[in-house]
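Everything below concerns the one structure shown next.
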Amino acid sequence: MRYVLRFFVALWLVMGFNAANAQLLRYKTVDPTQVIDFTMLDAEGKTHRISDYKGKIVVINFWATWCPPCVKEMPSLNNLAQSFPEDQFVVIAVCKDPQNKEAALKLFSSYDQTRLPLFFEHKDEGSSHALGIKGLPTTYVLDRKGYLVGQMTGGTEWDHHEVLEMMQGYIEGRTPQPASWWQKFRQFVAGA
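Quick note: the sequence shown, position 118, residue 1369 per the numbering used here, numbers continuous.
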């Protein structure tokens, strides 16, 4: 009976660590990969290139107004953008449904997105083809040279301390690896 109880306690702990560390479980670091220089449109219709941001760590979030997890993570993306100096780090939100431009603009104005620029996908030179987006929200991290170094599909709390530590690592030139739930569990057991 005692072994069964231990098993369920261990299972409960693992599930708890899994939920607590869910911020980064879906995040994948990748070998630096060159990204095709795609364009985006701002609210006024002006074209911007992703290469305009070389020299900074760039977090590109693809989202849509009809996607609840996308909308939910916008405030935390804005907080992430405000956590690091503008000359080193930028977060960009690219709306995948330009036909709902008014809804996107209204959403951004309601959240006071001070450091989170809003762009719309350029249909002729779409980012979907350049990055292979398969679901929303999808977020990519580019290093200072403009190379893809990380990606995640699904919403998260972008202002969580583990995410902030990981982004600080990118700014410092390190390619951080987020700790898995198993690593967290082992650290917990070793410390107990």
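Beta carbons are placed, not taken as given, at the ideal position from N, Cα and C, and that holds for glycine.
Item                                                                                                          : Value
Cutoff 6 Å; reference Gln1333; Cβ partners in own chain excluding five residues on either side                : Arg1366
Cβ neighbour criterion (16 or more within 10 Å) applied to Trp1314                                            : buried
Residue(s) in a DSSP beta bridge with Leu1399                                                                 : Thr1284 and Leu1393
Rounded C-alpha distance that separates Asn1269 from Phe1335                                                  : The pLDDT assigned to Asn1269 is 45, lower than 50, so where the model puts this residue is not dependable; a value taken from the coordinates is nonetheless given after this. If I take the Cα positions, the gap works out to 28 Å.
Beta strand (DSSP E) runs contained entirely in the stretch 1296-1358, provided each spans 3 or more residues : 1298-1300, 1308-1314 and 1340-1346
Extent of the continuous beta strand (DSSP E) run through Glu1372                                             : Leu1369 to Glu1372
Those residues which DSSP pairs with Met1291 across a bridge                                                  : His1299 and Glu1372
Which listed residue (Gln1350, Pro1326 and Asp1338) has its alpha carbon closest to that of Lys1344           : Per the sequence presented here, residue 1344 reads as Ala, with Lys not at that position. Answer by Cα proximity: Pro1326.
Environment of Pro1320 [buried if 16+ CB atoms lie within 10 Å]                                               : exposed
Rounded C-alpha distance that separates Pro1388 from Asp1293                                                  : 19 Å
Residue range of the unbroken alpha helix (DSSP H) whose run includes Glu1413                                 : His1412 to Ile1422
7 Å Cβ shell around Arg1277 - same chain, five flanking residues per side excluded                            : Met1403, Thr1404 and Gly1405
Candidates Gln1339, Val1414, Glu1372 and Asp1363: closest to Cys1349 by CA position                           : A small fix is needed here, since residue 1349 is Pro in this sequence, not Cys. Comparing Cα positions, the closest option is Glu1372.
Buried or exposed by the 16-neighbour rule on C-beta atoms within 10 Å, applied to His1324                    : Note on residue identity: the sequence assigns Glu, not His, to residue 1324. Flag for Glu1324 reads buried.
Whole-Å CB distance - Ile1301 paired with Phe1289, under 8 Å assumed                                          : 6 Å
Assigned exposure category for Val1281 - 16 Cβ within 10 Å defines buried                                     : exposed
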